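Data first, discussion second: the structure below is written as structure tokens.
Protein chains in written order, with the numbering used here: chain G, 19 to 410; chain H, 3 to 215.
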């Protein structure tokens, strides 16, 4: 880790696993040729075989076929390709209306906003207080010209997992293409495209101890998708550019290293943080659904204090966490997710996200709570909003 | 070099803020900002009535590191100064005393300076130091309410239609606020309104009622 730092921001980025690096190394130093066709030269054919193997493994992870998975540069590109690609492909044939949610991550949210500026209409569904989207609300939002529904599998900040099987069924019944951003669930929360009627799925290596800058998009066979970056004919003519074979091999290796045992352990650390924080620190609340949430995510609001002050104090004590406070963000805007689930600014400002990964141990969960209890008490002691001061 | 966007002086004040806490029976006090803008500062003064020197000053902060650090430094700068001198302390001086603040965080730190100025004005009003005695009108009250923040969205209570009604009769003010009485911020809003209006020389009573659902 970073010397003494206890890293609890695995939802943002994860440490690369050495075994992943080893899986990538040959494609930098030995088989560094581009992936050629079967009529190319032999090292190029070997490279292509490695790419195909990684593709097949990742497609299988989602229950899809090898020719239904394309590599991208990460979640952002995958979701841009899905949302804009379908919208452009169906603009004339189906129409210019999209349905998504208010709490999507920025690649989907800002792709939708960009399309709005080009004359598309977008319905942004409001989730309930736990962050869940009602499949019936999706049904009610569909219009004759709806080209795409994009609802995330799980939320980036509060971890709430959506019932995408039910949402997908609504879309399938209406004949509408359905995309889901699974960046925060891939390999940790089961998703089988054989059972879930989803047409496009965004995944990424950076959240599963794989390399950064490598992602993927599952594209169900027959899904209308317009290629939007011009260039060569790579990735079934859906994504131009020289393939990152080391990245693809690293992504597949990272996915293969995830085990149920590890995910259970991560979930146990998450539960320890949630249970101790709510039980031991007054004026706290959990953000997101208590059980329908990703195994790695705990998100708690500590009322009457501001998140940037918490994260800075924790940083000085050797912990890395993130917050939905406006002060923490580059945009100086409070979390659109906390506001989207009906929270106010104060709840967003005091929210702290803890996300666990492979390199955390149970002691980290206990130490972060011990420390945050002290930090929050200190900050509340100087907060003009804190009502419990007299007793303290 | 610290890896933080703040320098060592700022971090030191953030970790160990000076003159922090509530003050019992302050001679002057003010609150600036709101939870919605992410920053809030309360400033309390004890003033020597003879020479108008600030003998004690305390602050409270709900905010980020630069808000807390500026609150801390502003109390150090103001302590021992006369009200006239304290009024003239600028954000630039506070920022310089801290060795500089990130530009992005300027708005968070300005609040502390405004808090000090408002606390001085509060003292002056409560102690009859404001010489021109213009009778308070509904317009005056309206202007004051524009400095009370609606914690729900970061704008003032007037602009966000939280003020359901406002009456003034024989120095008695009644304000109706469209929030439920048990709302999380009801007490804060009530206190803020009273703080902003009570010091007016001809106001005898301020009643705040919550009429929201």
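In this text, a Cβ means the ideal position worked out from N, Cα and C, and glycines have one as well. In this text, all values refer to a predicted model and were calculated from it rather than measured experimentally.
Compare the C-beta of residue 45/G with all C-beta atoms of chain H and state if any pair is closer than 9 angstroms. For this step, residue 45/G is matched to residue 27 along the first chain. Not one chain H Cβ lies under 9 angstroms of residue 45/G.
May I ask you to verify whether the segment 20 to 39 of chain G touches the segment 267 to 278 of chain G, counting CB pairs closer than 8 angstroms and requiring at least 3? yes
Cβ separation of residue 340/G and residue 30/G, assumed to be a contact under 8 angstroms, to the nearest whole Å: Locating residue 340/G in the first chain gives position 322, counting from the first residue. Locating residue 30/G in the first chain gives position 12, counting from the first residue. With 8 angstroms as the limit, residue 340/G and residue 30/G qualify as a contact, their Cβ atoms being about 6 angstroms apart.
For residue 167/H, return the contacting residues in chain G, with the cut-off set at a CB-CB distance below 7 angstroms. Here residue 167/H refers to the residue found at position 165 when the second chain is read from its first residue. Within 7 angstroms Cβ-Cβ: nothing; residue 167/H doesn't reach chain G, min ~24 angstroms.
Does residue 354/G come within less than 9 angstroms of chain H when only Cβ atoms are used? Locating residue 354/G in the first chain gives position 336, counting from the first residue. Not closer than 9 angstroms to any Cβ of chain H, the Cβ of residue 354/G fails to qualify, so no.
Assign residue 27/H to buried or exposed, taking buried as 16 or more other Cβ atoms, counted over all protein chains shown, within 10 Å of its Cβ. Taking the second chain and counting its residues from 1, one reaches residue 27/H at position 25. Classification for residue 27/H: exposed.
Just by C-beta distance, which residues in the segment 54 to 86 of chain H are closer than 7 angstroms to chain G? 62, 63, 64, 65, 66, 67, 70
My understanding is that residue 159/G touches residue 117/G, with C-beta atoms under 8 angstroms, so please give their C-beta distance in whole angstroms. Position 141 of the first chain holds residue 159/G. Position 99 of the first chain holds residue 117/G. 5 angstroms between Cβ atoms; contact.
In DSSP terms, what residue 42/H is bridged to: Taking the first residue of the second chain as position 1, residue 42/H is located at position 40. According to DSSP, residue 42/H bridges with 35/H, 64/H.
The alpha helix (DSSP H) enclosing residue 97/G, as first and last residue numbers: To locate residue 97/G, count along the first chain from 1; it is residue 79. From DSSP, the alpha helix (DSSP H) with residue 97/G extends over 93 to 108.
If you follow the alpha helix (DSSP H) that residue 124/G is in, where does it begin and where does it stop? As a first step, residue 124/G must be located in the first chain, where it is residue number 106. 124 to 135 is the span of the alpha helix (DSSP H), which, as asked, contains residue 124/G.
Can you confirm whether residue 369/G, when its beta carbon is compared against all beta carbons of chain H, has any partner nearer than 9 angstroms? Counted from its first residue, the first chain places residue 369/G at position 351. Taking Cβ atoms only, chain H never reaches closer than 9 angstroms to residue 369/G, which makes this a no.
Is the separation between the beta-carbon of residue 305/G and that of residue 375/G shorter than 9 angstroms? For this step, residue 305/G is matched to residue 287 along the first chain. For this step, residue 375/G is matched to residue 357 along the first chain. Against a cut-off of 9 angstroms, the Cβ pair of residue 375/G and residue 305/G comes out as no contact.
For residue 208/H, list the residues DSSP reports as bridge partners. Translated into the one-based positions of the second chain, residue 208/H becomes position 206. Paired residues: 175/H.
Please report the distance separating the alpha-carbon of residue 161/G from that of residue 114/G. Here the question's residue 161/G lines up with position 143 in the first chain. Here the question's residue 114/G lines up with position 96 in the first chain. In a straight line, the C-alpha of residue 161/G is about 10 angstroms away from that of residue 114/G.
For residue 297/G and residue 385/G, what's the separation of their Cα atoms in angstroms? Stepping through the first chain from its first residue, residue 297/G is reached at position 279. Stepping through the first chain from its first residue, residue 385/G is reached at position 367. Distance between the alpha carbons of residue 297/G and residue 385/G is about 15 angstroms.
Just to confirm, are residue 312/G and residue 172/G a CB contact at a threshold of 9 angstroms? On the first chain, position 294 is the one that residue 312/G refers to. On the first chain, position 154 is the one that residue 172/G refers to. Against a cut-off of 9 angstroms, the Cβ pair of residue 172/G and residue 312/G comes out as a contact.
How would you label residue 166/G, buried or exposed, when you count the other beta carbons within 10 angstroms and need 16 or more for buried? Your numbering for residue 166/G matches position 148 in the first chain. Classification for residue 166/G: buried.
Under 8 angstroms: do the segment 352 to 367 of chain G and the segment 379 to 397 of chain G share three or more Cβ pairs, one atom per stretch? no
Is residue 176/G closer than 9 angstroms to residue 121/G when the C-beta atoms are compared? Counted from its first residue, the first chain places residue 121/G at position 103. Counted from its first residue, the first chain places residue 176/G at position 158. In contact: residue 121/G and residue 176/G (Cβ atoms closer than 9 angstroms).
Test: residue 30/H CB closer than 9 angstroms to a CB of chain G: Position 28 of the second chain, counting from 1, holds the residue named residue 30/H. Chain G, which has no Cβ nearer than 9 angstroms to the Cβ of residue 30/H, makes this no.
Can you tell me the Cβ-Cβ gap for residue 47/H and residue 121/H, rounded? I've got them flagged as a contact below 8 angstroms. Position 45 of the second chain holds residue 47/H. Position 119 of the second chain holds residue 121/H. Confirmed, Cβ separation roughly 5 angstroms.
So is residue 190/H in contact with chain G if we call contact Cβ pairs under 9 angstroms? For this step, residue 190/H is matched to residue 188 along the second chain. Yes, residue 190/H counts as interfacial toward chain G.
Note down the Cα distance separating residue 123/G from residue 169/G, rounded to an integer number of angstroms. For the purposes of this step, residue 123/G is taken as residue 105 along the first chain, with counting starting at 1. For the purposes of this step, residue 169/G is taken as residue 151 along the first chain, with counting starting at 1. Their backbone Cα atoms lie some 10 angstroms apart in a straight line.
Looking at residue 244/G: is its Cβ nearer than 9 angstroms to the Cβ of residue 104/G? If you number the first chain from 1, residue 244/G lands on position 226. If you number the first chain from 1, residue 104/G lands on position 86. It is a contact, given that the beta carbons lie within the stated cut-off.
Closest Cβ-Cβ distance between residue 162/H and chain G: below 9 angstroms? The residue labelled residue 162/H in the question sits at position 160 within the second chain. It does not: the Cβ of residue 162/H has no partner Cβ on chain G nearer than 9 angstroms.
Option nearest residue 262/G by Cα separation, candidates 109/G, 53/G, 138/G: For the purposes of this step, residue 262/G is identified with residue 244 of the first chain, where counting begins at 1. Ranking the options by Cα distance to residue 262/G, first place goes to 53/G.
Helix, strand or coil, according to DSSP, for residue 287/G in the structure here? For the purposes of this step, residue 287/G is taken as residue 269 along the first chain, with counting starting at 1. In the structure shown, residue 287/G sits in a helix (DSSP, three-state: H, G or I).
Quick one: Cα of residue 193/G to Cα of residue 111/G, how far? Residue 193/G sits at position 175 when you count from the first residue of the first chain. Residue 111/G sits at position 93 when you count from the first residue of the first chain. Near 13 angstroms, if we compare the C-alpha coordinates of residue 111/G and residue 193/G.
Proximal residues to residue 196/H (C-beta, below 8 angstroms), its chain only, five neighbours per side dropped: Position 194 of the second chain holds residue 196/H. Closer than 8 angstroms at Cβ, skipping near neighbours: 208, 210.
Using a Cβ-Cβ cut-off of 9 angstroms, state whether residue 400/G counts as contacting chain H. Taking the first chain and counting its residues from 1, the one referred to as residue 400/G is at position 382. Chain H contact via Cβ: present.
Using a cut-off of 7 angstroms between C-beta atoms, extract the partners of residue 33/H located in chain G. As a working note, residue 33/H is residue 31 in the second chain. Under the 7 angstroms cutoff, chain G gives 402.
Residue 142/G - DSSP class collapsed to helix/strand/coil: For the purposes of this step, residue 142/G is identified with residue 124 of the first chain, where counting begins at 1. In the structure shown, residue 142/G sits in a strand (DSSP, three-state: E or B).
Proximity test, Cβ basis, 9 angstroms: residue 322/G and chain H: The residue you call residue 322/G lines up with position 304 of the first chain. With 9 angstroms as the cut-off, residue 322/G counts as an interface residue toward chain H.
Using alpha carbons as the reference points, say which of 366/G, 164/G, 155/G, 205/G lies closest to residue 181/G. Working through the first chain from its first residue, we reach residue 181/G at position 163. Looking at the Cα atoms, 155/G is the closest of the given residues.
Do you know how far the Cα of residue 71/H is from the Cα of residue 16/H? Numbered from 1 along the second chain, position 14 holds the residue referred to as residue 16/H. Numbered from 1 along the second chain, position 69 holds the residue referred to as residue 71/H. Straight-line Cα distance between these residues: approximately 5 angstroms.
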